[in-house]
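Per this note's numbering: the sequence shown ends with 792, consecutive numbering throughout. For every residue, glycine included, the Cβ atom is placed at its ideal position computed from N, Cα and C. Here the structure comes first, spelled out in structure tokens, and everything after it is commentary.
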Amino acid sequence: MKGNRGSEGGEKRKQEIFKLALELIESGETFPFPGVSKAFYDKSKIEEVDFVEMGLVTPIDEVLEKFQREGMQIVLGDDPMAINVLVIPGPNTKTDADSFLIQNLDITRFMDPRIIKLIEVIKRKV
């Protein structure tokens with residue numbers, strides 16, 4: 667019984683995430699970039715070292731500069747079942763190579779309240 671309630675709650679949470687994300691995506695808006703959490707930044711700096719040297723990824727500092735210049739848009743990841751909500755730089759980005767999960771944003775009081783709500787729902791445990 668408990669398992670069913672948990673999966674129902676999880677399904678409801680996924681639907682809420684999808685609905686909130688879709689509203690932001692369909693708005694077509696480019697939002698100001700608030701920065702990323704310190705934990706995400708620090709982890710990215712450590713993990714990027716080998717990949718940057720091999721030319722496989724863009725350094726996180728360059729990615730963040732691009733977001734600062736161009737703002738950010740909200741998109742869904744490729745796997746619709748996972749409901750991964752990503753941010754990409756500016757309105758003209760065709761690829762998600764420089765994307766990251768929305769929950770890695772630094773929440774500030776100046777953010778669009780819809781984005782804050784979406785992050786809160788994503789971080790909520792069922």
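At least 3 beta-carbon pairs within less than 8 Å: the stretch 690 to 707 vs the stretch 769 to 778: Output reads yes: the stretch 769 to 778 touches the stretch 690 to 707.
Nearest-angstrom Cα separation, counted from Ile749 out to Thr696: Annotation: Thr696 to Ile749 spans about 20 Å, alpha carbon to alpha carbon.
3-residue-minimum beta strand (DSSP E) runs that sit fully inside the stretch 729 to 753, ordered along the chain: Listed in chain order, the complete beta strand (DSSP E) runs (minimum 3 residues) inside the stretch 729 to 753 are 738 to 742.
Cβ separation of Phe699 and Phe733, assumed to be a contact under 8 Å, to the nearest whole Å: Separation of the CB atoms of Phe699 and Phe733 is rounded to 4 Å, and the pair is thereby assigned contact status at 8 Å.
Candidates Ser693, Val753, Glu728 and Gly721, of which the one nearest Ile740 by Cα: Looking at Ser693, Val753, Glu728 and Gly721, the one whose alpha-carbon comes closest to that of Ile740 is Val753.
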